[in-house]
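Colleague: Protein chains in written order, with the numbering used here: chain A, 1 to 112; chain B, 1001 to 1112. The structure that follows is given in the form of structure tokens.
Take a look at the structure:
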């Protein structure tokens, strides 16, 4: 199975500060289709996960543009340009290139 | 509006069988895939399996011997059945459409 390693485990940031979360995979996530199925989701406290980013860098329509994703092969990054209060929660990367689908262990974002 | 809702018993005895239902609306099961993901208390996410729009299934190999996913397209329902439950199967069980749209989850406790 593909192991997804996220760092840091937690972040504590003030509103307006930038955030950066790393996600590394044990295998390349570049698929035979030429697409890289690395995605990001956010789980706010007490809620089910919500979609954020798909295929490394594509934002879903409802996601604010302060979020961005980048990376390739085995190294990926989620960035928030300026953290807002609603951004708190646990961020997970997950890969859909190889079966079984696997998730990172999560990065908890707290607001100072 | 895409919606998914899980239902099932909150308490299951060890060694018994878990049966969960995911009732969907706003889309057809013959057009979209439905996945099951679970989350132990305070822990991360584990992909369990998927029923593809065509009706085929794929499972996490770690759970495959115990797990079955099926559906009734006329009722817009997807079913998860898992046998030989143990305490480590305790957690929140989510169904979702391609990990984009998630249900609220159902808490399952395995205890005598």
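Every residue gets a Cβ at the ideal spot worked out from N, C-alpha and C, and that includes glycine. It should be emphasised that the depicted structure is a prediction, and the values quoted were computed from it without experimental measurement.
Of all the residues that make up the stretch 29 to 56 of chain A, which are near chain B by a beta-carbon distance shorter than 9 Å?
Modeller: 39, 41, 43, 47, 48, 49, 50, 51, 54
Colleague: To the nearest whole angstrom, what separates the beta carbons of residue 1060 (chain B) and residue 1047 (chain B), a pair I think is in contact under 8 Å?
Modeller: To locate residue 1060 (chain B), count along the second chain from 1; it is residue 60. To locate residue 1047 (chain B), count along the second chain from 1; it is residue 47. That belief holds up - the Cβ atoms of residue 1060 (chain B) and residue 1047 (chain B) are roughly 6 Å apart, short of 8 Å.
Colleague: Grab the span of the beta strand (DSSP E) containing residue 1052 (chain B) for me, first residue to last.
Modeller: Taking the second chain and counting its residues from 1, the one referred to as residue 1052 (chain B) is at position 52. Unbroken run through residue 1052 (chain B): none, as it is neither H nor E.
Colleague: In the DSSP output, what is residue 1034 (chain B) paired with across the bridge?
Modeller: As a first step, residue 1034 (chain B) must be located in the second chain, where it is residue number 34. Note: residue 1034 (chain B) sits in a beta bridge opposite B:1051, B:1097.
Colleague: Using the beta-carbon of each residue, which ones in chain B are nearer than 8 Å to residue 59 (chain A)?
Modeller: Translated into positions along the first chain, residue 59 (chain A) becomes position 59. By Cβ distance, chain B contributes nothing, its closest Cβ being about 13 Å from residue 59 (chain A), past 8 Å.
Colleague: Per DSSP, what kind of secondary structure is residue 1074 (chain B) in: helix, strand or coil?
Modeller: Mapped onto the second chain, residue 1074 (chain B) falls at position 74. Here residue 1074 (chain B) sits in helix by DSSP.
Colleague: Listing by chain order, which chain A residues have their CB less than 9 Å from the CB of residue 1036 (chain B)?
Modeller: Residue numbering aside, residue 1036 (chain B) sits at position 36 when the second chain is read from its first letter. Under the 9 Å cutoff, chain A gives no residues; its nearest Cβ is about 11 Å from residue 1036 (chain B).
Colleague: Can a CB atom of chain A be found closer than 8 Å to the CB of residue 1061 (chain B)?
Modeller: In the second chain, residue 1061 (chain B) corresponds to position 61, counting from 1. So, interface residue.
Colleague: Nearest CA to the CA of residue 1052 (chain B): which residue from B:1105, B:1002, B:1029, B:1043?
Modeller: In the second chain, residue 1052 (chain B) corresponds to position 52, counting from 1. Here the closest residue by C-alpha is B:1029.
Colleague: Quick check: what's the CA-CA separation for residue 96 (chain A) versus residue 1016 (chain B)?
Modeller: Your numbering for residue 96 (chain A) matches position 96 in the first chain. Your numbering for residue 1016 (chain B) matches position 16 in the second chain. For residue 96 (chain A) and residue 1016 (chain B), the distance between alpha carbons rounds to 31 Å.
Colleague: Any beta carbon of chain B sitting closer than 8 Å to that of residue 7 (chain A)?
Modeller: For the purposes of this step, residue 7 (chain A) is identified with residue 7 of the first chain, where counting begins at 1. Chain B contact via Cβ: absent.
Colleague: Check this for me: beta carbons of residue 1018 (chain B) and residue 1012 (chain B), under 8 Å apart or not?
Modeller: Locating residue 1018 (chain B) in the second chain gives position 18, counting from the first residue. Locating residue 1012 (chain B) in the second chain gives position 12, counting from the first residue. Yes, they are a contact pair.
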